[in-house]
Each structure stands twice: as structure tokens, then as C-alpha cells.
Amino acid sequence: MKYWLFKTEPDVFSIHDLAKSPAKTACWEGVRNYQARNMLRDETKVGDRVLIYHSGGTSPCIAGVASIAKAGYPDSHSWDRKSKYYDSASSPENPRWYMVDVRLDQIFPCPLTLAGLREVKGLAEMGLLRKGNRLSIQPVTKGEFAIIVKLAVK
DNA sequence: GCCAACGTTGGC
DNA sequence: GCCAACGTTGGC
Numbered sequence: 006m007k008y009w010l011f012k013t014e015p016d017v018f019s020i021h022d023l024a025k026s027p028a029k030t031a032c033w034e035g036v037r038n039y040q041a042r043n044m045l046r047d048e049t050k051v052g053d054r055v056l057i058y059h060s061g062g063t064s065p066c067i068a069g070v071a072s073i074a075k076a077g078y079p080d081s082h083s084w085d086r087k088s089k090y091y092d093s094a095s096s097p098e099n100p101r102w103y104m105v106d107v108r109l110d111q112i113f114p115c116p117l118t119l120a121g122l123r124e125v126k127g128l129a130e131m132g133l134l135r136k137g138n139r140l141s142i143q144p145v146t147k148g149e150f151a152i153i154v155k156l157a158v159k
């Protein structure tokens, strides 16, 4: 099993939107970065755990945990002309972009702020905390995941 | 709103 | 293949 961190802008799609989705499950569409695409397409498996990160705003934070409900599959928004994620280079026959389905497991009672996470020993190497890392899909180590869940549930 | 960091594009 | 220009991300 792998562990991930997915970034989202809560104004666009928050963990609360995920909670309101049918069966608390939604597709994670619109990833338009090749490195992130490759991970979604090649490395995700059903059951993988996903930290949901809210970027932007006054207090960016890890808001909760979800699981992969459907592993990487072509992002149909990429050939939907009406979608803001439309890409003329992508087609059903030759999809350029991929997405996954995620199902909410838990909203953290107290979201873990970025500032707070920087204080935590054992997370110093975490991708999220490294300068200049803009990837919206990031692998997380088993140890980092365990530390974060323990902090949030305490 | 600023700006650092990084990705993408396109001319050559 | 190099690299300048430009666009995007995202914390602050």
C-alpha cells in the first residue's frame, strides 16, 4: 500500500465537498502536470491512503484522509470542450491526462496547519514542506503518514 | 499583491 | 538541444 498527499484549493473542491459527494467518493480530475500524471497513472492502487491538503487561504492545512477508490484512469474532462480542464491534445483514443477516484475516510477534527507541521520532528524531509515543491500529487512515506494521523487524532 | 520556484513553450 | 520568455503555483 502506498501513501499520498493530494493538494486542492478548498474554494474549488474542499474535503467538505468530498464529504457531500455520493458515497463520499469523487473523481480527482484536472491534474495537468506530467510528473503528477505519471504517479496517478502508474503508481496508485485501490486502497492507497491519501492526505487531503487545502492550499491557499489564510491557513493552508492537511484537512483529512481519503482512500483511492479507483486507480488511475483517463481523465475524460481532458477531451470535454466545455470543461476548464479541456486539452485539445487529449482524446479518448489517446488520453494525455489521468485521474483517480477518492473516497473520504475522515475529516480531521483539528486540521494540521502547514505552520504546525513545520514544527514536527520527523516531517522535515516531507515533500510538502520542502521549498519550491509545487507538485499537486506527492508520495508520502509510511512513517510520515503515521505521524500525521497520530497528530490529527490526538 | 509580491515573489521564488518551477514547468512549458517555441525560436534558433 | 539550448535557453529566454512566459505562465502557474502557492506561501507569505
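Mapped onto our numbering, the consecutive letters of the first sequence carry residue numbers 6 to 159. The beta-carbon is built from N, C-alpha and C at its ideal position, and this holds for glycine as well.
For residue i and residue j, which I take to be in contact (beta-carbon distance under 8 Å), what is that distance rounded to the nearest angstrom?
i      : j      : result
Ser81  : Arg101 : About 12 Å; that fails the 8 Å criterion.
Pro144 : Tyr8   : 7 Å
Ala157 : Arg108 : At roughly 18 Å, the Cβ-Cβ gap does not stay under 8 Å, so Ala157 and Arg108 are not in contact.
Leu56  : Ile153 : 6 Å
Gly69  : Phe11  : That pair is no contact at about 11 Å.
Glu34  : Met104 : 5 Å
In three-state DSSP terms, what is residue i?
i      : result
Arg86  : coil
Val154 : helix
Leu122 : helix
Pro116 : strand
Met104 : strand
Pro79  : strand
Arg54  : strand
Asp110 : strand
Leu10  : strand
Ala41  : helix
Gly148 : helix
Gly137 : coil
Gly132 : helix
Ala24  : helix
Between the Cα of residue i and those of the options, spot the shortest distance and give me the residue it belongs to.
i      : options                        : result
Ala24  : Glu34, Lys89, Asp110, Ala76    : Asp110
Asp180 : His59, Asn38, Asn43, Lys159    : Since the first residue of the chain shown is 6 and the last is 159, residue 180 is not available in this structure.
Met131 : Ile67, Glu48, Glu98            : Ile67
Pro97  : Tyr91, Pro79, Tyr90            : Pro79
Ser19  : Met6, Arg54, Gly61, Asn43      : Gly61
Asn38  : Lys155, Ala151, Lys159, Ile142 : Ile142
Thr63  : Leu133, Glu14, Lys155, Lys136  : Glu14
Taking C-beta to C-beta, are residue i and residue j nearer than 8 Å?
i      : j     : result
Lys50  : Ala31 : no
Leu140 : Ala74 : no
Thr146 : Pro65 : no
Met6   : Asp47 : no
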